[in-house]
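A.B. asks:
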Amino acid sequence: MPLHTSDSSLEELEARHRREKKDLSAKIMALKKTVTKGDKRKKKEVATEIALLEAEQNDRHGAEIKEFSASSNSQQKEHDAADAADVEGSLATAVSNVSVSEAADKPSGDQPAQAAPSSGLYASRAGAQAKLPGNKKNKAKQRQQRKEEEMRRLQEEAEAEAENMVDVAAQESEAIEKLVARDGLVVQDIRADGHCLYSAIADQVSLYHGSSSSYQDMRRLAAQYMRQHRDDFMPFMVTDDGDMFTDADFESHCSRIESTADWGGHQEITALSHALQTPVLVYQAGMPVLRIGDDLYPSKHPVKLSYHRHAYGLGEHYNSLRKAQ
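Going by our numbering, the first residue of the sequence shown is number 16, and it counts up by one from there.
1. Report the three-state DSSP secondary structure of GLN340 (helix, strand or coil).
2. Straight-line CA distance for LEU194 to VAL304?
3. If contact is defined by three or more beta carbon pairs under 8 Å, each pair taking one atom from either stretch, is the segment 220–228 in contact with the segment 242–250?
4. Quick check: LEU28 and GLU79, are their CB atoms within less than 8 Å of each other?
5. Going by C-alpha distance, which of GLU35, HIS323, HIS32, LEU46 is nearest ALA185?
6. Please give the ranges of any alpha helix (DSSP H) in the segment 179–241, keeping only runs that are unbroken, at least 4 residues long and fully inside the region.
7. Tell me the residue span of the alpha helix (DSSP H) that contains LEU291.
8. Taking all protein chains shown into account, decide if ASP74 is buried (16 or more other Cβ within 10 angstroms of its Cβ) or exposed.
9. What are the partner residues of SER335, as DSSP defines its beta bridges?
10. Could you tell me if GLU283 is buried or exposed, where buried requires 16 or more neighbouring beta carbons within 10 angstroms of its beta carbon?
11. For MET44, is the classification buried or exposed, using 16 other Cβ atoms within 10 angstroms of its Cβ as the cut-off for buried?
12. Keeping to the same chain, check which residues put their C-beta closer than 7 Å to that of GLU64; ignore five residues upstream and five downstream.
13. Give the DSSP-derived three-state secondary structure of MET249 in the structure shown.
14. Going straight from the alpha carbon of GLU187 to that of ALA300, what length do you get?
15. So, using beta-carbon positions, are LYS319 and LEU296 closer together than 8 Å?
16. For the alpha helix (DSSP H) holding SER270, just list the boundary residues, first then last.
17. Do ALA286 and MET249 have their C-beta atoms within less than 8 Å of each other?
18. Cα-Cα, which of ALA155, LYS81, ARG206, LEU200 is closest to GLU171?
19. Distance check for LYS338 and ALA85, CA to CA, integer angstroms please.
20. In terms of residues, what are the limits of the beta strand (DSSP E) holding LEU305?
21. Whose C-alpha, out of HIS268, ALA238, GLU69, is nearest the C-alpha of SER288?
22. Taking all protein chains shown into account, do 16 or more other C-beta atoms lie within 10 angstroms of the C-beta of GLY279, making it buried, or fewer, making it exposed?
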């Protein structure tokens, strides 16, 4: 998912994040309303979809904070240079004014010099002129100090976030490896390019189902099945604003599945499970194995995937699970 780059301040970024969390809450409510009472299968599917949506948003918000911090650091250097130039310009102007004032007050010829007034109107003006450069310099220094303090805070938050992401990713990877090892499986890394879900399923189909397949084949198959079974999917699909999909929204979604690197998720896994008539098992840290289609196709060898929420810090990722040698 692309990151937003138009926020001009940390406050605006945090405000947008609050709005998006509110929008997601509305979307989650809409999803929950699609579950009819007593339908355990749909309830399970909706719960999984909600968990994925929340994970994607949390990961994206963390990445955007890091990106904003890096951008602000670059802008800070430009602002510091501009502030320094402003101070130098103010000083030069003040020095010029003082020089002109001294030249005007200097006595000509043999006239005795007049003592400069120490009080009254002229003294007040001279004092104001003398204080002007210092005032501007102090204000510029205060602005710079405030910016530096904000930047330090942003940098500390970004570094803490980065350290936390690394730790979480390592912990998640270790947990998944232990989980799949109990079933005699190992993680086969799949390239993180937006096609990971389809590439992982293609890897499984090619190895264990006797059919050489590519991610393009899986994308076409998913889109084709979803179009043919529109009513099975549309009740679970909502727009970014939380509105239910229209026919045009659904067709646009299917077209993106076929022709772009849009990530795949629960709906596309369900479509491929039915299209291939094969169960799909998804292993993930801290959660039970997600089983799709195993009650419908119990005799078929399941496609086995691992779902990584924190592997790359920008969103969900899928790998293929192969039999341990």
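Glycine residues also receive a C-beta, built at the ideal position from the N, C-alpha and C atoms.
C.D. replies: If we stick to the structure as given:
1. coil
2. 10 Å
3. no
4. yes
5. HIS323
6. 211–223
7. 281–291
8. buried
9. GLN203, LEU320
10. buried
11. exposed
12. LEU46, PHE251, HIS281
13. helix
14. 6 Å
15. yes
16. 262–274
17. no
18. LYS81
19. 42 Å
20. 305–307
21. ALA238
22. buried
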